[in-house]
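For the sequence shown, position 100 (counting from the first letter as 1) is numbered 123 according to the working numbering, and the numbering increases by one without interruption. Note that beta-carbon positions come from the ideal geometry of N, C-alpha and C, so glycine has one too. Quick caveat: nothing in here was measured; it's all calculated off a predicted structure. Let me begin by presenting the structure, written as structure tokens, before commenting on it.
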Amino acid sequence: MTRLPHRSLVIIVLALCAVAVAAVAAPRARAASYADVPKSHWARAAIEAVTERGPKGHKVLDDYGELFKPEQAITRELLARSLVLASGRYGENVKAVAIVDVAEDYRYYNAIQVALHHGYMTLDSEGAFRPRDPVPASQAEVAIIRWLKERYSSSNWALLKSLKPSRWQPNEGWKTGAPGYLPYIVASRQLQLRYNHPTEADGHEVTPSQAIDRAEVAYMFWRGYAVSGEWMLYGLADYKSITFPPLSERQREIARFALKFIGYPYIWAGEYPTKNSPYGAQKAGGFDCSGFAFYVMKMHFDYPITVNERGGHDMAERAKPRITRKQLQCGDLIFFGPKGPKSDVESIYHVGLYLGDGWFIHSTGSTDGVTLSSLDSPTSTYYKTYFAWGRRLLEPSELPPEVAQSAPEPGVQASPEPGAD
Numbered sequence: 024m025t026r027l028p029h030r031s032l033v034i035i036v037l038a039l040c041a042v043a044v045a046a047v048a049a050p051r052a053r054a055a056s057y058a059d060v061p062k063s064h065w066a067r068a069a070i071e072a073v074t075e076r077g078p079k080g081h082k083v084l085d086d087y088g089e090l091f092k093p094e095q096a097i098t099r100e101l102l103a104r105s106l107v108l109a110s111g112r113y114g115e116n117v118k119a120v121a122i123v124d125v126a127e128d129y130r131y132y133n134a135i136q137v138a139l140h141h142g143y144m145t146l147d148s149e150g151a152f153r154p155r156d157p158v159p160a161s162q163a164e165v166a167i168i169r170w171l172k173e174r175y176s177s178s179n180w181a182l183l184k185s186l187k188p189s190r191w192q193p194n195e196g197w198k199t200g201a202p203g204y205l206p207y208i209v210a211s212r213q214l215q216l217r218y219n220h221p222t223e224a225d226g227h228e229v230t231p232s233q234a235i236d237r238a239e240v241a242y243m244f245w246r247g248y249a250v251s252g253e254w255m256l257y258g259l260a261d262y263k264s265i266t267f268p269p270l271s272e273r274q275r276e277i278a279r280f281a282l283k284f285i286g287y288p289y290i291w292a293g294e295y296p297t298k299n300s301p302y303g304a305q306k307a308g309g310f311d312c313s314g315f316a317f318y319v320m321k322m323h324f325d326y327p328i329t330v331n332e333r334g335g336h337d338m339a340e341r342a343k344p345r346i347t348r349k350q351l352q353c354g355d356l357i358f359f360g361p362k363g364p365k366s367d368v369e370s371i372y373h374v375g376l377y378l379g380d381g382w383f384i385h386s387t388g389s390t391d392g393v394t395l396s397s398l399d400s401p402t403s404t405y406y407k408t409y410f411a412w413g414r415r416l417l418e419p420s421e422l423p424p425e426v427a428q429s430a431p432e433p434g435v436q437a438s439p440e441p442g443a444d
């Protein structure tokens, strides 16, 4: 009769077998084993985190086996798949809609149907989904904000309706003509979903209409998972209702033009919506803070800002008179410094373009580009605290009649408010 091995030896052998099986069956540590995501890659942490999200065998953005393809444009079908995985709805049965270019036996058919059903993505006017098309940056932000609206449903998402350009009237009876994605971009930038590349890597930045790559989308998902409980989520309520005081026709022209560039990236020394600035090539289309003000007010509307005033503190130095907070009008440049109104010119570090009722439009690195902010935000006193002064470029004749009568003319020193320097 064959002698049985000792019981402890049997246990050891079985344990080793179990470990071996587990090693084969367990999902790999994803970013750690993507051959094309080195430790030095800017999005490695984001890729590592999001590709561990989702059910076993079906992870967010884990689409190419041993490769991640971080610089490859994400396609609509793979964005749909990842949105459905992130939402926990993978495999859900929904009422199917007709899609002219996606057959029922198509690999991503179910994921696309679920993404459509829950409104993360939409069909085009011809009923097509275009599954293999690259996703423009603005569409990616729209889709991820729609996912986050569902994920954080108790937050105040009123801005998605109130700022919808087809209904938003900052003056009664006047619509801005802003891009349809405006409220989603404002929400995305409030939540800091986009990564601001360092100056030497500005070539990675894309405008709203350009295709966005998989690394950028991984970062947006990563930030989306992280915003729970952060003040930025509460700050969405600041945008629920944005109105301006009555604007002149010229002020409306300025606001309408500036709002076209919502979502353009922050580019150091950028002053043009494409790489081909008349003042010299830049790494990507986009703007730094003073560059955006320069582009709108000088390059487009031809107000008297010289090339020597291209920087923020140079613009601020030529503010004569210095416009106080109470005197601000749409079209004024506004400046920020470490001591607010008591800042010296050399310390001015940021520039915006005032729109009205505390609201301004600017390009800022903290949100990676052009967005809306308020001097009167209930959830953050930052801009209110560090507002220094404004600069009037519009002539009195370009202001509303009720304002023009008392408005200081450009180049004429106004009387300071009590207590102001």
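DSSP beta-bridge partners of residue i
{"i": "E294", "result": "F310"}
{"i": "H373", "result": "F359"}
{"i": "D337", "result": "Beta-bridge pairing links D337 to no other residue."}
{"i": "F410", "result": "F359"}
{"i": "D236", "result": "A96"}
{"i": "P157", "result": "T98"}
{"i": "L84", "result": "DSSP output for L84 lists no bridge partner at all."}
{"i": "W197", "result": "N194"}
{"i": "L90", "result": "Y87"}
{"i": "G379", "result": "W382"}
{"i": "Y289", "result": "F310"}
Rounded distance between the beta-carbons of residue j and residue i, thought under 8 Å
{"i": "L356", "j": "A316", "result": "5 Å"}
{"i": "P78", "j": "Y113", "result": "6 Å"}
{"i": "I122", "j": "E100", "result": "Contact flag wrong, Cβ pair sits at about 11 Å."}
{"i": "L270", "j": "Y326", "result": "Actually they are not in contact, since the Cβ atoms of L270 and Y326 sit about 17 Å apart, beyond 8 Å."}
{"i": "A66", "j": "L106", "result": "Their Cβ separation, rounded to whole angstroms, is 18 Å, which puts A66 and L106 out of contact at 8 Å."}
{"i": "R246", "j": "Q215", "result": "6 Å"}
{"i": "G363", "j": "Y409", "result": "6 Å"}
{"i": "L282", "j": "L182", "result": "With 8 Å as the limit, L282 and L182 do not qualify as a contact, their Cβ atoms being about 14 Å apart."}
{"i": "G22", "j": "I371", "result": "Absent from the structure is residue 22, since the part of the chain shown begins at 24 and ends at 444."}
{"i": "I265", "j": "S211", "result": "Not confirmed; about 16 Å, so no contact."}
{"i": "A241", "j": "A69", "result": "5 Å"}
{"i": "T98", "j": "D156", "result": "7 Å"}
{"i": "L422", "j": "Q352", "result": "6 Å"}
{"i": "V209", "j": "F284", "result": "Not quite, the Cβ-Cβ distance comes to about 13 Å (not below 8 Å), so this is no contact."}
Nearest to residue i (by Cα), restricted to the options the options
{"i": "I346", "options": "W412, V330 and I328", "result": "W412"}
{"i": "P93", "options": "A58, G80 and H81", "result": "A58"}
{"i": "L395", "options": "K306, L102, K118 and A201", "result": "A201"}
{"i": "N331", "options": "F324, E340 and A210", "result": "E340"}
{"i": "Y87", "options": "G293, V374, V107 and S56", "result": "S56"}
{"i": "E253", "options": "T266, I384, Q213 and H385", "result": "Q213"}
{"i": "Y248", "options": "R190, W170 and D380", "result": "W170"}
{"i": "A119", "options": "L139, G111, Y143 and Y129", "result": "L139"}
{"i": "V368", "options": "A96, Q350, H141 and D337", "result": "D337"}
{"i": "G234", "options": "E164, S110 and E272", "result": "Here residue 234 is Ala; the residue named in the question, Gly, does not match the sequence. The shortest Cα separation from A234 among E164, S110 and E272 belongs to E164."}
{"i": "D236", "options": "E294, L102 and Y132", "result": "L102"}
{"i": "P231", "options": "E421, V60, D391 and K172", "result": "D391"}
{"i": "Y143", "options": "E127, G381, R190 and K172", "result": "K172"}
{"i": "P193", "options": "N133, G381 and H323", "result": "G381"}
{"i": "A126", "options": "Y262, F152 and E272", "result": "F152"}
{"i": "D124", "options": "F91, E149 and V393", "result": "E149"}
{"i": "E115", "options": "D128, A109, N133 and Y207", "result": "N133"}
{"i": "R130", "options": "G111, R104 and V117", "result": "R104"}
{"i": "V117", "options": "V137, L108 and D128", "result": "V137"}
{"i": "T297", "options": "P361, F324, S251 and E228", "result": "E228"}
Residue range of the beta strand (DSSP E) that includes residue i
{"i": "H385", "result": "W382 to T387"}
{"i": "L351", "result": "Careful: L351 lies outside any beta strand (DSSP E) and carries neither H nor E."}
{"i": "L395", "result": "G392 to S397"}
Alpha helix (DSSP H) segment containing residue i, residue limits
{"i": "L101", "result": "R99 to S110"}
{"i": "L205", "result": "L205 to Q213"}
{"i": "S185", "result": "L182 to S185"}
{"i": "S176", "result": "Here S176 belongs to no alpha helix (DSSP H), and DSSP marks it neither H nor E."}
{"i": "F280", "result": "E272 to L282"}
{"i": "R67", "result": "R67 to V73"}
{"i": "Q305", "result": "It is not in any alpha helix (DSSP H) - Q305 carries neither H nor E in the DSSP assignment."}
{"i": "M255", "result": "W254 to Y257"}
{"i": "L216", "result": "No alpha helix (DSSP H) holds L216; DSSP gives it neither H nor E."}
{"i": "A139", "result": "It should be noted that the sequence gives Leu, not Ala, for residue 139. It spans Y132 to H140 - the alpha helix (DSSP H) in which L139 sits, taken as one unbroken run."}
Residue-chain proximity (residue i, chain D), Cβ-Cβ < 8 Å
{"i": "D261", "result": "Although the question refers to chain D, the structure presented lacks it and comprises just one protein chain."}
Cβ pair count under 8 Å reaching 3, the region 274 to 291 against the region 300 to 319: yes
Is the number of C-beta pairs between the region 297 to 305 and the region 385 to 401 that are closer than 8 Å three or more? no
Are there three or more Cβ pairs, one per stretch, closer than 8 Å when the region 178 to 195 is compared with the region 151 to 166? no
Report yes or no: do the region 194 to 211 and the region 219 to 227 share at least 3 C-beta pairs separated by less than 8 Å? No, because fewer than three Cβ pairs between the region 194 to 211 and the region 219 to 227 fall closer than 8 Å, the two stretches do not touch.
Okay, do the region 83 to 92 and the region 57 to 75 touch, 3+ Cβ pairs below 8 Å being the bar? yes
Does the region 376 to 389 come within contact of the region 275 to 282, defined as at least 3 CB pairs closer than 8 Å? yes
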